[in-house]
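> In this note's numbering, the protein residues as written are 111 to 311.
#1: Given residue 216, which residues of its chain have a CB within under 7 Å of its CB, disregarding the five upstream and five downstream residues?
#2: Applying the 10 Å Cβ sphere with the 16-neighbour rule, what's the burial state of residue 159?
#3: Are residue 257 and residue 180 close, meaning C-beta to C-beta below 8 Å?
#4: Per DSSP, residue 201 is paired with what?
#5: From 146, 167, 133, pick the residue whose C-alpha is nearest to that of residue 280; which is it?
#6: Return the Cβ separation of residue 263 and residue 193 in integer angstroms, given the expectation that the two are a contact with Cβ distance under 8 Å.
#7: Going by beta carbon distance, what residues of the same chain come within less than 6 Å of residue 171, once the five residues before and after it are set aside?
#8: Since residue 256 sits in a beta bridge, which residues does DSSP pair it with?
#9: Under DSSP, the alpha helix (DSSP H) around residue 288 begins and ends at which residues?
#10: Quick one, which of 195, 148, 147 has its alpha-carbon nearest residue 240's?
#11: Using three-state DSSP, classify residue 188 as helix, strand or coil.
#12: State the Cα-Cα distance for the pair residue 191 and residue 260, rounded to the nearest angstrom.
#13: Checking 8 Å against the spacing of the C-beta atoms, do residue 148 and residue 271 come in under that value?
#14: Write down the C-beta distance between residue 282 and residue 153 rounded to the nearest angstrom, noting that I regard them as a contact closer than 8 Å.
#15: May I ask you to report which of helix, strand or coil DSSP gives residue 130?
#16: Looking at the strands, I want to know which residues DSSP matches up with residue 262.
#17: Would you decide whether residue 238 is buried or exposed? Buried here means 16 or more other CB atoms lie within 10 Å of its CB.
Pasting the structure below:
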């Protein structure tokens, strides 16, 4: 009996001598805020008032700016260009695209000459208005688009041809409005410093 009591006493003493377990530490991690939504620039910025009005009103008029005749681009359209001997006509491409000499094809290379740079094509007739065959087509393929033209002679030629791009502008504007709405929602949902302190308690 004495041996039993002694063993029990030793066991109790041993348990009491062990250090208490370390307290549990709870680490709070603040969630990083979501990345801010990037709002694209205004696609109407830099366009003339006439071009802006045409696109906003879903119209496609032929416009004029100085020496340039400005067409509304469409991938399925063919545009007329009136030319005259000794007076080259410049076809200007959009800044977001380029072309090269292998991507420009003209139907009548005997009566018409072309010169190609990265962002423009020059066309000039070699014949005269007395030649009944002085009419041809030209196709310009760029890194983004294709252009189809009908070339004809006229005493008053077009000096330069340029384009505006209604579909592109409207698509960019729709994407911009969507980003603006998402950014506004994100700003509304973003917690304030007061709510962050309350959540961390």
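Glycine included, each C-beta is placed from N, C-alpha and C at the ideal position.
Given the structure is predicted, the values throughout are model-derived calculations rather than measurements.
Based on what the coordinates show:
#1: Mapped onto the chain shown, residue 216 falls at position 106. Within the same chain, residue 216 has close Cβ partners 222, 224, 246, 248.
#2: The residue given as residue 159 occupies position 49 in the chain shown. Exposed, since its Cβ has fewer than 16 Cβ neighbours within 10 Å.
#3: Translated into the one-based positions of the chain shown, residue 257 becomes position 147. Translated into the one-based positions of the chain shown, residue 180 becomes position 70. No, the Cβ-Cβ distance between residue 257 and residue 180 is not below 8 Å.
#4: To locate residue 201, count along the chain shown from 1; it is residue 91. DSSP lists 231, 271 as partners of residue 201.
#5: If you number the chain shown from 1, residue 280 lands on position 170. Minimum Cα distance to residue 280 is reached at 167.
#6: As a position in the chain shown, residue 263 is number 153, starting the count at 1. As a position in the chain shown, residue 193 is number 83, starting the count at 1. Confirmed, about 6 Å.
#7: Against the chain shown, residue 171 aligns to sequence position 61. Contacts found: 164.
#8: As a first step, residue 256 must be located in the chain shown, where it is residue number 146. DSSP lists 251 as partners of residue 256.
#9: For this step, residue 288 is matched to residue 178 along the chain shown. Residues 276-299.
#10: As a first step, residue 240 is located in the chain shown; it is residue number 130 there, counting from the start. If we check each option's Cα against that of residue 240, 195 comes out closest.
#11: Residue numbering aside, residue 188 sits at position 78 when the chain shown is read from its first letter. Here residue 188 sits in strand by DSSP.
#12: For the purposes of this step, residue 191 is taken as residue 81 along the chain shown, with counting starting at 1. For the purposes of this step, residue 260 is taken as residue 150 along the chain shown, with counting starting at 1. Computed Cα separation, rounded: 6 Å.
#13: The residue labelled residue 148 in the question sits at position 38 within the chain shown. The residue labelled residue 271 in the question sits at position 161 within the chain shown. No, the pair does not count as a contact, with Cβ atoms beyond the cut-off.
#14: For the purposes of this step, residue 282 is identified with residue 172 of the chain shown, where counting begins at 1. For the purposes of this step, residue 153 is identified with residue 43 of the chain shown, where counting begins at 1. Contact between residue 282 and residue 153 holds, with the beta-carbon distance rounding to 4 Å and staying under 8 Å.
#15: Taking the first residue of the chain shown as position 1, residue 130 is located at position 20. Look at residue 130 here: in three-state DSSP terms it is coil, with no helix or strand label.
#16: Working through the chain shown from its first residue, we reach residue 262 at position 152. BP columns for residue 262 point to 192, 245.
#17: Numbered from 1 along the chain shown, position 128 holds the residue referred to as residue 238. With fewer than 16 Cβ atoms within 10 Å of its Cβ, residue 238 is classed as exposed.
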